[in-house]
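Structure first, commentary second.
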Amino acid sequence: MKSLFKKAVSFFLILIFAVLPAIFPFFSNIEPIKSNAASQTSIDSELPKVYINTDLGQNPGRDDNVEYFKGSMRVELNDYYADCQNAYTGSEMLDCKIRTRGNSTRTFAGAVGTGKFAYRLKLDKKVDMFGMGASKNWVLLSNVYDQTNMRNMVGLELGRALGVKTVESTWVVLYLNGEYRGLYQFCEKIDTSENSIDITDWDSIIKEIAFAIGNKEGMDEKTVDKMRDRMEEDLSWVTTGTFEGYKISDFYKKKLDITSGYIIEHDSFDNPHDDRPYLFESQTTPMGMKLKIDIPEKTHTNSEMNEYVKELILDFEEAISSPNFRTKDGRHYSELCDIESLVDFWLVRNVLMTGELGIRSMFYYIEDGKIYIGPLWDFDCGAGNSITVTTSHEGWVGNKDDRNYWYKALYKDNYFIGLLQERFAEIKPTLDSIIDSIEIYKDYIEEEAERDYEKYGPRYFNNVNKKSGSFTSEYAFYLQWQKNRIKWMEENLFDGFPDIFPNEDVRPSVSNKINTTMYHADGSMLAKDNLTQHGKVGDFLYDLSKGGDISFKMTTEHTTSENFQLFVNGLYYKTFPLVAGEETSGVIEASALNLKPGARNVIHIVVYSIYDKAYRRIGYTLVVSENGEAKSDEATVQLGSELIKVKKGSTFTLPKYNYARDGFVFNGWTDGTRVYGEEEKLTVNEDIYLYESWTHTDGRAVLYAENTDIYFGDELVPTTKVSYLKEKTPDPKPEPEPEPEPEPEPEPEPEPEPEPEPEPEPEPEPEPEPEPEPEPEPE
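Per the numbering used here, residue 1111 is the first one in the sequence shown, and the count goes up by one each step.
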């Protein structure tokens, strides 16, 4: 797939898959996604142009969001998109349809007053636009709320970097009926297809079945198309197995699976033109979520499909609202909803501080019987936007909003909070690089953004506009806001179990009437973990050199307590008695823990009373250390996932990095504030967390990498894990071997190694850039 924004060197091309967590195994299963940004240094200020004329010469307005205006369209590519030719990029205007879209953006006074509306486009046939893949349906985002025109792009691309489902887009200049309309974002429509949200596509299934029936029965094309329309309008055939007398299995041999292929929209905005029924008759789920099935739109015509979706959501809500986060039949919420997407979606929304988390502009999809959070959408009102309610960079999204129901329930689970902290620590290098991307975007769109601002001027919302004057001033504010936001999150997310929702009822807590001590197999107590502001935060350190099972002792002053359930990393472990005045002892077997160096284990305890009621939750975290426990006169230097003990006040020399990567330069070690050079000496008085900082040779894209493969454009950049501790130890055994391998100087070995180099030459997977040629085939 080609780039959505190929001109600028986006940080997203390399960021996240370099930093997938070493700690929780489920993250390691995420496939690397090739970046959509190109590796060129020069930036053409000319953006692609889209020309649209309506047949009657009228621009769709505020209330023209149902019926399409017939018209025609032509696209003028810039130099970089020159290889994205299609029928619409020629000299002729070709048929299309256009209408306005959106809810608040359509009714917002700034849009109504200026006419800068967002639009839906429908083409006559599927066309690959800007290398995003073939589709009939496209969106033109006006970004009317966002005077930088950047926030949507940054949010979507950050989500893409984390592996959250999202859509592709690129900036264009729009001319409508011969008039300059400004800077727009040409974007995929959220849809189920291999080119958009790649899940089971009921549309394609219907097309296959209708064509198969048509071919066998000798129907003409128009008759088949009408049959397709009828199959889309009434989905009862999916479970009855017959349609208008035809037995589906005679024409379609694959199993029709009702556990997959749904996209659900959550939006509290009541649109009178939206005739889709609410999923639940009361309009909301038991926890208050307003949901409608977006795709397939007519799911409600098949009661079994509709009920399946409802039951899955009800089970998920039952699990997250129960004390042990399980349904009555024992299923953990992670069995019902993809927990990685829950974590990453929350982080993206909070990094850009979009206040609509849990309220509107949210989507979920269901595939293989599991709910996934996403695709991502709608970031223009976040990130300190001056025309929204607040420009502050502080606070948690949705912490005061009663409609943030699902996440509000999850804040009670220390395991979930632990995953947020762990994931944030892993993606911190990615977040540092957001700043680079914003600067790159500015270079790319500045000329057109200034022109757009000149045309429309500052927009107002709720009579709030704390800044105005130019695109440059808006951009400068946004850039500084994003720096401040990342810093604030780092300082506050690692504060034990953070006060994300300020209410004792909805957050994990440690009762001062319950006392817990934990011991290694040799009887020594687990040490306290002091890295509370950076890196892998924990309550205790598990010393790998001692190894073995963990034993614990627990006492309580709660007079009505009877027992407690213990969970390790979200999994039920065992139930133990807990009676006031009596000591409870037990063992957590090492096999239940993740013992990878640097791993962070979460122990969650639910205390039950004699009335069989859960009334106390307790959370502890154990960080695995392969370098022993720091003593009172020692501090810990954390390099990546390795913990190194040093004497307080002593000098620590940062290691030299001996591995090269084509196209990248190693900057040194960073704490997120400043970069320290190789072999630079630090005086260590307290614990410090550092990670690698890399820069692409064009000086723009920042890279952090450890033990993973990174894609830069279409080029695979191999990386090698470095063990800083072993590297410092002059042990000529295991280490010398990795070092000779990178040095192809021994002529006998280099010749076997050039053979792997032709493998990167399948990087003529850029030759699959003839993907545009195969892509007409789906048409």
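Each residue gets a CB set at the ideal place from its N, CA and C atoms; glycine is no exception. Computed from a predicted model, the values in this text were never measured in an experiment.
Exposed unless 16 or more other CB atoms sit within 10 angstroms - verdict on residue i
{"i": "residue 1679", "result": "buried"}
{"i": "residue 1802", "result": "buried"}
{"i": "residue 1196", "result": "buried"}
{"i": "residue 1428", "result": "buried"}
{"i": "residue 1173", "result": "exposed"}
{"i": "residue 1096", "result": "Residue 1096 lies beyond the stretch modelled for the chain, which goes from 1111 to 1889, so this question has no answer here."}
{"i": "residue 1523", "result": "buried"}
{"i": "residue 1657", "result": "exposed"}
{"i": "residue 1168", "result": "exposed"}
{"i": "residue 1590", "result": "exposed"}
{"i": "residue 1355", "result": "exposed"}
{"i": "residue 1638", "result": "exposed"}
{"i": "residue 1784", "result": "exposed"}
{"i": "residue 1601", "result": "exposed"}
{"i": "residue 1458", "result": "buried"}
{"i": "residue 1337", "result": "buried"}
{"i": "residue 1775", "result": "exposed"}
{"i": "residue 1075", "result": "This structure cannot speak to residue 1075, because the chain is shown only from 1111 to 1889."}
{"i": "residue 1166", "result": "exposed"}
Beta-bridge partners of residue i, as assigned by DSSP
{"i": "residue 1735", "result": "1653"}
{"i": "residue 1749", "result": "1752, 1800"}
{"i": "residue 1505", "result": "Partner(s): none; residue 1505 has no beta bridge."}
{"i": "residue 1678", "result": "1681, 1713"}
{"i": "residue 1726", "result": "1717"}
{"i": "residue 1183", "result": "1162, 1204"}
{"i": "residue 1893", "result": "Absent from the structure is residue 1893, since the part of the chain shown begins at 1111 and ends at 1889."}
{"i": "residue 1082", "result": "In this structure the chain extends from 1111 to 1889, so residue 1082 is not present and cannot be described."}
{"i": "residue 1230", "result": "1209, 1249"}
{"i": "residue 1402", "result": "1375"}
{"i": "residue 1279", "result": "1297"}
{"i": "residue 1695", "result": "1663"}
{"i": "residue 1792", "result": "1762"}
Local conformation of residue i per DSSP, three classes
{"i": "residue 1248", "result": "strand"}
{"i": "residue 1689", "result": "coil"}
{"i": "residue 1787", "result": "coil"}
{"i": "residue 1312", "result": "helix"}
{"i": "residue 1292", "result": "strand"}
{"i": "residue 1464", "result": "coil"}
{"i": "residue 1437", "result": "coil"}
{"i": "residue 1860", "result": "With a pLDDT of 41 at residue 1860, under the threshold of 50, the modelled position of this residue cannot be trusted, and the question is left open."}
{"i": "residue 1284", "result": "strand"}
{"i": "residue 1177", "result": "coil"}
{"i": "residue 1270", "result": "helix"}
{"i": "residue 1261", "result": "helix"}
{"i": "residue 1673", "result": "strand"}
{"i": "residue 1444", "result": "helix"}
{"i": "residue 1706", "result": "coil"}
{"i": "residue 1242", "result": "coil"}
{"i": "residue 1329", "result": "coil"}
{"i": "residue 1838", "result": "Residue confidence for residue 1838 is low, a pLDDT of 29 falling below 50, so the modelled location carries little weight; the figure read from the coordinates is stated next. Helix."}
{"i": "residue 1758", "result": "coil"}
{"i": "residue 1767", "result": "coil"}
{"i": "residue 1662", "result": "strand"}
{"i": "residue 1701", "result": "helix"}
{"i": "residue 1237", "result": "strand"}
{"i": "residue 1867", "result": "Note that residue 1867 scores 41 on pLDDT, short of 50, meaning its location in the model is unreliable; the coordinates nonetheless yield the value given after this. Residue state, collapsed to three classes: coil."}
{"i": "residue 1602", "result": "helix"}
{"i": "residue 1629", "result": "strand"}
Near the ligand ATP: residue i beta-carbon under 7 angstroms from a heavy atom
{"i": "residue 1630", "result": "As far as ligands go, the structure on display features none, and thus does not contain the ligand ATP."}
Length-filtered (3 minimum) beta strand (DSSP E) runs lying within the segment 1344 to 1400: As far as the segment 1344 to 1400 is concerned, its whole beta strand (DSSP E) runs of at least 3 residues are 1372 to 1376.
Beta strand (DSSP E) runs wholly inside the segment 1469 to 1494, at least 3 long, in chain order: 1472 to 1477, 1480 to 1483
Indicate whether the contact test is met: 3 or more Cβ pairs, each with one atom in the segment 1323 to 1337 and one in the segment 1397 to 1415, closer than 8 angstroms. no
Meets three-Cβ-pair contact criterion under 8 angstroms: the segment 1234 to 1243 and the segment 1404 to 1416: No contact exists between the segment 1234 to 1243 and the segment 1404 to 1416.
Any contact between the segment 1253 to 1269 and the segment 1184 to 1203? By contact I mean 3 or more CB pairs, one from each, below 8 angstroms. Segments in contact, no.
Quick check: the segment 1235 to 1251 against the segment 1415 to 1433, are at least 3 beta-carbon pairs closer than 8 angstroms? no
Are three or more beta carbon pairs between the segment 1534 to 1548 and the segment 1592 to 1603 nearer than 8 angstroms? Three or more pairs of CB atoms, one per stretch, sit closer than 8 angstroms, so the segment 1534 to 1548 contacts the segment 1592 to 1603.
Does the structure place the segment 1688 to 1703 close enough to the segment 1660 to 1676 that three or more beta carbon pairs sit under 8 angstroms? yes
Report yes or no: do three or more beta-carbon pairs, one from the segment 1365 to 1376 and one from the segment 1473 to 1484, lie closer than 8 angstroms? yes
So, does the segment 1556 to 1570 touch the segment 1278 to 1293, judging by three or more C-beta pairs under 8 angstroms? yes
Indicate whether the contact test is met: 3 or more Cβ pairs, each with one atom in the segment 1705 to 1718 and one in the segment 1727 to 1734, closer than 8 angstroms. By the criterion of at least three beta-carbon pairs nearer than 8 angstroms, the segment 1705 to 1718 is in contact with the segment 1727 to 1734.
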